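Asker:
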Amino acid sequence: MADLRSDFLGIKSPNPFWLASAPPTDKQYNVERAYEAGWGGVVWKTLGAEGPPIVNVSGPRYGAVWGADRRLLGLNNIELITDRPLEVNLREIKEVKRKWKDRALVISLMVPCDEESWKDILKRIEDTEADGVELNFGCPHGMAERGMGSAVGQVPEYIEMVTRWVKQYSRMPCIVKLTPNITSILPPAIAAKRGGADAVSLINTIKSVTNVDLDHFSPFPMIDGKGSHGGYCGPAVKPIALNMVAEIARYQETRGLPISGIGGVTTWRDAAEFMALGAGNVQVCTAAMTYGFKIVQEMISGLSEYLDDKGMAMSDLIGRAVPNFVEWQDLNLNYVTKARISQDDCIKCGRCYAACEDTSHQAILMKPGRVFEVNDAECVACNLCVNVCPVENCITMEQMPLGEVDPRTGRPVAPYANWQDHPNNPAATAAE
Amino acid sequence: MSNSQLTPGIAPGRLPADVIARNFEDVDPPFDMHEAQVAADRCYFCHDAPCITACPTSIDIPLFIRQIVTGTPEAAARTIWDQNILGGMCARVCPTETLCEEACVREAAEGKPVEIGRLQRYATSVAMPKPHPYTRAAPTGKRVAVVGAGPAGLSCAHRLAMKGHDVVIYEARPKPGGLNEYGIAAYKATQDFAQAEVDWLLQIGGIEILCNQRLGRDITLDGLKAQHDAIFLGIGLAGVNSLGIPGERLDGVRDAVEYIAELRQAALPSFAVGRDVVVIGGGMTAVDAAVQSKLLGAENVTMVYRRGKDRMSASGYEQDHAAQVGVKIVYNAVPLKVIGTDKAEAVEFAYAVDGKPEAETFTLKADQVFKAIGQMLAGVPDGLSVEGGKIAGASSGIWAGGDCAAGGEDLTVTAVAEGRDAAEAIHAHLMART
Numbered sequence: 001m002a003d004l005r006s007d008f009l010g011i012k013s014p015n016p017f018w019l020a021s022a023p024p025t026d027k028q029y030n031v032e033r034a035y036e037a038g039w040g041g042v043v044w045k046t047l048g049a050e051g052p053p054i055v056n057v058s059g060p061r062y063g064a065v066w067g068a069d070r071r072l073l074g075l076n077n078i079e080l081i082t083d084r085p086l087e088v089n090l091r092e093i094k095e096v097k098r099k100w101k102d103r104a105l106v107i108s109l110m111v112p113c114d115e116e117s118w119k120d121i122l123k124r125i126e127d128t129e130a131d132g133v134e135l136n137f138g139c140p141h142g143m144a145e146r147g148m149g150s151a152v153g154q155v156p157e158y159i160e161m162v163t164r165w166v167k168q169y170s171r172m173p174c175i176v177k178l179t180p181n182i183t184s185i186l187p188p189a190i191a192a193k194r195g196g197a198d199a200v201s202l203i204n205t206i207k208s209v210t211n212v213d214l215d216h217f218s219p220f221p222m223i224d225g226k227g228s229h230g231g232y233c234g235p236a237v238k239p240i241a242l243n244m245v246a247e248i249a250r251y252q253e254t255r256g257l258p259i260s261g262i263g264g265v266t267t268w269r270d271a272a273e274f275m276a277l278g279a280g281n282v283q284v285c286t287a288a289m290t291y292g293f294k295i296v297q298e299m300i301s302g303l304s305e306y307l308d309d310k311g312m313a314m315s316d317l318i319g320r321a322v323p324n325f326v327e328w329q330d331l332n333l334n335y336v337t338k339a340r341i342s343q344d345d346c347i348k349c350g351r352c353y354a355a356c357e358d359t360s361h362q363a364i365l366m367k368p369g370r371v372f373e374v375n376d377a378e379c380v381a382c383n384l385c386v387n388v389c390p391v392e393n394c395i396t397m398e399q400m401p402l403g404e405v406d407p408r409t410g411r412p413v414a415p416y417a418n419w420q421d422h423p424n425n426p427a428a429t430a431a432e
Numbered sequence: 001m002s003n004s005q006l007t008p009g010i011a012p013g014r015l016p017a018d019v020i021a022r023n024f025e026d027v028d029p030p031f032d033m034h035e036a037q038v039a040a041d042r043c044y045f046c047h048d049a050p051c052i053t054a055c056p057t058s059i060d061i062p063l064f065i066r067q068i069v070t071g072t073p074e075a076a077a078r079t080i081w082d083q084n085i086l087g088g089m090c091a092r093v094c095p096t097e098t099l100c101e102e103a104c105v106r107e108a109a110e111g112k113p114v115e116i117g118r119l120q121r122y123a124t125s126v127a128m129p130k131p132h133p134y135t136r137a138a139p140t141g142k143r144v145a146v147v148g149a150g151p152a153g154l155s156c157a158h159r160l161a162m163k164g165h166d167v168v169i170y171e172a173r174p175k176p177g178g179l180n181e182y183g184i185a186a187y188k189a190t191q192d193f194a195q196a197e198v199d200w201l202l203q204i205g206g207i208e209i210l211c212n213q214r215l216g217r218d219i220t221l222d223g224l225k226a227q228h229d230a231i232f233l234g235i236g237l238a239g240v241n242s243l244g245i246p247g248e249r250l251d252g253v254r255d256a257v258e259y260i261a262e263l264r265q266a267a268l269p270s271f272a273v274g275r276d277v278v279v280i281g282g283g284m285t286a287v288d289a290a291v292q293s294k295l296l297g298a299e300n301v302t303m304v305y306r307r308g309k310d311r312m313s314a315s316g317y318e319q320d321h322a323a324q325v326g327v328k329i330v331y332n333a334v335p336l337k338v339i340g341t342d343k344a345e346a347v348e349f350a351y352a353v354d355g356k357p358e359a360e361t362f363t364l365k366a367d368q369v370f371k372a373i374g375q376m377l378a379g380v381p382d383g384l385s386v387e388g389g390k391i392a393g394a395s396s397g398i399w400a401g402g403d404c405a406a407g408g409e410d411l412t413v414t415a416v417a418e419g420r421d422a423a424e425a426i427h428a429h430l431m432a433r434t
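Chains A and B, in that order, give the protein sequences.
Each residue of the first sequence is one higher than the last, beginning at 1 in the UniProt record's numbering.
Each residue of the second sequence is one higher than the last, beginning at 1 in the UniProt record's numbering.
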């Protein structure tokens, strides 16, 4: 069994799997169940300022998008931050942390954007012995209308300012949780770093409407005939999250800033992918809300088996794919592959043919007896056939060796060359 | 050899050798990776899953299936073996249709459960060629005797070895495996799987198997007591029930268990079978004897059970399988006598209501008659308490499990669970004394 013990900003946990600040971490009862199930840490659901508690809707809070067999692919919510009294949360946090010393416990915070409010809440949580704070600059619904959450996260100057206050009034490690509801993730990340953040966590949820009730003509979740946008999460948002994590991990000014990866992590593989792209640990919510806390067992066994198979330590994995995340212009334009269809595995559904013939390059031949073969003279190696094939590994991409003639172009496969010095590039610098 | 299905009496080679070989191929061929992925994808990962509750060894089925889905079949196998070290054989022989798969919520929803048994076979098959995943704890210096190398004994021995104890298994037959080796239909455990699994299990180390050591003949309980710190009895049910009807001793009348055991050890094409075979009984042994007789080329095979279909202990799935290969099943009839002069020629039955014979009778031609009306405890050493035909409870350093012990059904998987639990109890007992 590989060693999965994690040290994120000096916060130690038995594994890198934390529960994200969300409904599953709103109460002592849930959090203790999570720890019992094996979760390495939790970020307690966002606490607000002292005062009358937040009020939630009493109609549906969640909407969903499903795949085949009603597999939940995306979840959208309009729930606000914790609606329990501050002192109850603080008492429970303290109790939980005392009881579970080996687990990480970070407190998520969201208070109005003024210095006094932040100073006050930081003072109030000091006594809990929690391991750190996470600043919720991400929540895109409800709280944003009140000038908090993503309303802060969309303004880099605010991020920097509040982060600075937090670092000034607290000695706790500070994680800034970023919203994806922006055009580039880099300015918010840079702002967090400038403000003194110890880490960023991302992504928070994406503004969304999951579906529309076609009888009542209202977006869903529908509250008395009306709907409001929610925050989208789950497997569907993973690709967006991976890109944003990787951008921060590779960008010169943010490189080295610790990242807690969030967004659709469901299996050990998702977690490993986030870590390879630079996340020091991961946070999970939707998978737990879909399947229960027990899923962490698969994440633990899977990551452990993967690291053992690779002979790698977890530290070898973190950031390992970052150097390979490049700009398009750095890609090797002389790299040639061709699709190969395994006739033994082919079930003759013809989806590759339909996709290629109708929408791509007419590079798949349909022969008598429903035999599907690749025509190398037309195949541009787009990978669409691989992606639409229902049988995993039935269609694979095979690399053409250097020097072999590509029947499509009639030219031999040449060594590495990218767009930057390609003859068709008007901006290319001449080689001579 | 020019025998055919019509050759009178008991004769080998009723079908061409290649046909017999084909008949005895794997009844439920293993999943390939694609099939496993598609099947595994159907699992809902239920909370407090009914399939786990239905499994006598309480394997965490949703977890191991999820581990298959995420491409880690070795982790899946480990999840299986943590609870059931003979998970490979159980994947082949468990009546899953009355256990985990019957409990599957998709059985309720669609009448099509997740194929748990075949997924278990997939995971264990992928992982078995890899290094044995368990290691032994520091040696305790304790030595435990396990009597019987069947599922209960092997399961007990492995768990004890894992805990750091040294184990000697005393097995009465020439080979280990118990009913896995001698009592399961050949098409359920092809390619000598029972021995392969024993070899794999022994890789943990610290287990010695001594064959041809029958309790009461070659070894005694007192002798074992003198040389070991604890004893586990997994001796199975060595005796068979008799019909108690005239003609039972005629040639051609045999115990089904003995026939199945011989068949498992034989070269199948040269194994003799009757033209007209009658099997008396309604359990798994009866089905295995009947089906295999048919596969060997018997012209007519009839299974006769004294009660109705719903009372038969062989599952609906097994009954259907028997019917599919051409076995005729007669319900509600009890045997009156085996007819014949020096060998069996026919069996006379009376129609019955709830197992009680009525006046009307019928006769079935039979040159071979298999008795499969249950096994019973035999060869129990003096001093052990026997209740209801089973060894009851543990007594002064002696534990029992599997078919010979009270509690649970007489299933491979139940034996594995009892062997494992006995090992835990023995371990607690031995360590408490030190």
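For each residue, glycine too, the CB sits at the ideal point set by N, CA and C.
Just so it is clear, the structure is predicted and the values come from calculations on it, not from any experiment.
Taking DSSP as the reference, what is the three-state secondary structure of Q203/B?
Answerer: The answer is coil: DSSP assigns Q203/B none of H, G, I, E or B.
Asker: Classify Q203/B as buried or exposed, calling it buried when 16 or more other Cβ atoms lie within 10 Å of its own Cβ.
Answerer: By the neighbour-count rule (16 or more Cβ atoms within 10 Å), Q203/B is not buried but exposed.
Asker: Which word fits G407/B, buried or exposed, when buried means at least 16 other C-beta atoms lie within 10 angstroms of its C-beta?
Answerer: Result: exposed.
Asker: Report all residues from its chain with a CB closer than 8 Å to the CB of D358/A; omit the five preceding and five following residues, and keep chain order.
Answerer: Here the set comprises nothing.
Asker: Roughly how many angstroms lie between the CA atoms of A123/B and E424/B, to the nearest whole one?
Answerer: A123/B and E424/B: Cα-Cα distance of roughly 26 Å.
Asker: From what residue to what residue does the alpha helix (DSSP H) around F31/B run?
Answerer: Careful: F31/B lies outside any alpha helix (DSSP H) and carries neither H nor E.
Asker: Suppose only complete runs of 4+ residues qualify. What are the alpha helix (DSSP H) ranges in the region 263-302 of chain B, listed by chain order?
Answerer: Segments of the alpha helix (DSSP H) lying fully in the region 263-302 of chain B: 284-296.
Asker: Could you tell me if A77/B is buried or exposed, where buried requires 16 or more neighbouring beta carbons within 10 angstroms of its beta carbon?
Answerer: A77/B should be labelled buried.
Asker: By how many angstroms is the C-alpha of G48/A removed from the C-alpha of L214/A?
Answerer: Going from the Cα of L214/A to the Cα of G48/A covers about 36 Å.
Asker: How long is the line joining the alpha carbons of D127/A and T135/B, rounded to whole angstroms?
Answerer: Going from the Cα of D127/A to the Cα of T135/B covers about 45 Å.
Asker: Just by C-beta distance, which residues in the region 263-285 of chain A are closer than 7 Å to chain B?
Answerer: Within the region 263-285 of chain A, the residues whose Cβ lies closer than 7 Å to some Cβ of chain B are T267, W268 and R269, listed in chain order.
Asker: Leaving aside the five residues before and after A246/A along the sequence, list all residues of the same chain whose C-beta is less than 7 Å from its C-beta, in chain order.
Answerer: Here the set comprises L277, G278, V322 and F325.
Asker: Of the choices F45/B, C46/B and D60/B, whose alpha-carbon is the least far from that of I52/B?
Answerer: Nearest option by C-alpha distance: D60/B.
Asker: Leaving out five residues before and five after V287/B in sequence, what residues of the same chain have Cβ atoms less than 6 Å from its Cβ?
Answerer: Contacts found: A314, E318 and A322.
Asker: List the residues of chain A whose Cβ lies closer than 8 Å to the Cβ of E74/B, in chain order.
Answerer: Result: E305.
Asker: So for D213/A, helix, strand or coil by DSSP?
Answerer: Reduced to three states, the DSSP call for D213/A is strand.
Asker: Is it buried or exposed, residue 435/B, if we count other Cβ atoms within 10 angstroms and call 16 or more buried?
Answerer: The question about residue 435/B has no answer here: the residues shown for chain B are numbered 1 through 434.
Asker: Spatial neighbours of H429/B within its chain, please: C-beta separation below 7 Å, excluding the five flanking residues on both sides.
Answerer: Once the five neighbours on either side are set aside, the close Cβ partners of H429/B are A230.
Asker: The alpha helix (DSSP H) with A355/A in it runs from where to where?
Answerer: Run containing A355/A: R351 to T359, per the alpha helix (DSSP H) assignment.
Asker: V65/A and A288/A look like a contact to me (Cβ under 8 Å); what is the Cβ gap, rounded to whole Å?
Answerer: Wrong, their Cβ atoms sit about 18 Å apart, outside the cutoff.
Asker: Would you kindly check if the distance between the Cβ of T46/A and the Cβ of L105/A is under 8 Å?
Answerer: No, these two residues do not count as a Cβ contact at 8 Å.
Asker: Can you find the residues in the same chain that come closer than 6 Å, C-beta to C-beta, to Y353/A, ignoring five residues on each side of it along the sequence?
Answerer: Only I364, M366 and F372 meet the Cβ criterion.
Asker: Can you find a C-beta in chain B that's less than 8 Å from the C-beta of Y291/A?
Answerer: Y291/A counts as touching chain B.
Asker: In its own chain, which residues sit with a C-beta less than 6 Å from the C-beta of Y305/B, not counting the 5 before and 5 after it?
Answerer: G282, M312 and Y331, listed in sequence order.
Asker: I want to see whether chain B comes within less than 8 Å of E392/A, judged by CB atoms only; does it?
Answerer: Chain B contact via Cβ: present.
Asker: Once you ignore the five residues that flank C100/B on each side, which residues in its own chain have a CB closer than 7 Å to its CB?
Answerer: C51, A54, C55, I61 and I116, listed in sequence order.
Asker: Let me check one thing: in DSSP terms, what residues is F362/B bridge-paired to?
Answerer: Per DSSP, F349/B.
Asker: Note down the Cα distance separating D26/B from L243/B, rounded to an integer number of angstroms.
Answerer: Answer to the nearest angstrom: the Cα atoms are 33 Å apart.
Asker: Taking only the alpha-carbon atoms, compute the straight-line gap between R173/B and E358/B and give it to the nearest angstrom.
Answerer: One C-alpha to the other measures close to 42 Å.
Asker: With H, G and I counted as helix, E and B as strand and the rest as coil, what does DSSP make of N76/A?
Answerer: Strand.
Asker: Count the other CB atoms, across all protein chains shown, that sit within 10 Å of the CB of Q375/B; report buried if there are 16 or more and exposed otherwise.
Answerer: Buried, since its Cβ has 16 or more Cβ neighbours within 10 Å.
Asker: Going by alpha carbons, who is nearest to P12/B out of V19/B, N3/B and D18/B?
Answerer: For the residues V19/B, N3/B and D18/B, the minimum Cα distance to P12/B belongs to N3/B.
Asker: List the residues of chain A whose Cβ lies closer than 8 Å to the Cβ of T70/B, in chain order.
Answerer: Under the 8 Å cutoff, chain A gives T267, W268, R269, E298 and G302.
Asker: Determine the extent of the beta strand (DSSP E) in which T396/A is found, giving its start and end residues.
Answerer: T396/A -> beta strand (DSSP E) spans I395 to Q399.
Asker: Let me confirm a value: Q343/A is counted as buried when at least 16 other C-beta atoms fall within 10 Å, else exposed. Which label applies?
Answerer: Flag for Q343/A reads exposed.
Asker: Compile a chain-ordered list of the residues in the region 62-79 of chain A whose CB is closer than 8 Å to at least one CB of chain B.
Answerer: Residues passing the 8 Å Cβ filter: D69.
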